[in-house]
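For reference, the structure is listed below as structure tokens.
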Amino acid sequence: MRKKLVFRTHSIQRMFERQITEEDVRNVLNNGIIIEDYPDDRPYPSKLLLGWCGIRPIHIVVAYNEDDNEDIIVTVYEPDNTLWMPDFRRRKE
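Under the numbering used here, the letters of the sequence shown match residues -3 to 89, in that order.
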């Protein structure tokens, strides 16, 4: 059974502000890599994914609700190169 995709209001607002489409989000979910894991997040464990839309890096925080088989998009953003290493996989110290 395929996972249901749920967008939190915050993620929709950020996508609109940052001109990131649902297609961009799906692309990152399907092809991105996990760069941080938050197993203790509540109410559901979550992960930070990095993906690329052309030359544009995109970070997505996604939580997984196992009971309802849902991927919940918490937030979506283009990482700030002043906060992230050039590969956008690690935060600067």
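Just so it is clear, CB atoms sit at the ideal spot from N, CA and C, and this is done for glycine as well.
Is it right to say residue i is buried, meaning 16 or more other beta carbons lie within 10 angstroms of its own, or is it exposed?
i, result
"His6", "exposed"
"Ile8", "exposed"
"Asp33", "exposed"
"Ile51", "exposed"
"Asp67", "buried"
Taking the straight line between their C-alpha atoms, what separation do you get for residue i and residue j?
i, j, result
"Glu74", "Val2", "20 Å"
"Ile29", "Arg87", "15 Å"
"Pro41", "Glu62", "9 Å"
"Thr17", "Asp36", "29 Å"
"Arg38", "Asn65", "16 Å"
Can you tell which of the options has the C-alpha that lies nearest to the C-alpha of residue i?
i, options, result
"Arg4", "Lys88, Ala59, Asp83", "Ala59"
"Ile92", "Pro35, Trp80, Tyr40", "For residue 92 there is no data in the structure shown, the boundaries of the chain being -3 and 89."
"Glu19", "Lys0, Cys49, Tyr34, Asp37", "Cys49"
"Met11", "Val57, Glu32, Asp37", "Val57"
"Arg14", "Thr78, Thr71, Glu89", "Thr71"
"Leu46", "Lys(-1), Lys0, Asp76", "Asp76"
"Leu44", "Val24, Asn65, Lys(-1)", "Val24"
"Arg166", "Lys(-1), Pro39, Asp64, Arg85", "Within the shown structure, residues of the chain are numbered from -3 to 89, placing residue 166 beyond reach of any answer."
How far does the beta strand (DSSP E) with residue i in it reach, from first residue to last?
i, result
"Asn61", "52 to 61"
"Asp67", "66 to 73"
"Asp33", "29 to 34"
"Phe3", "0 to 3"
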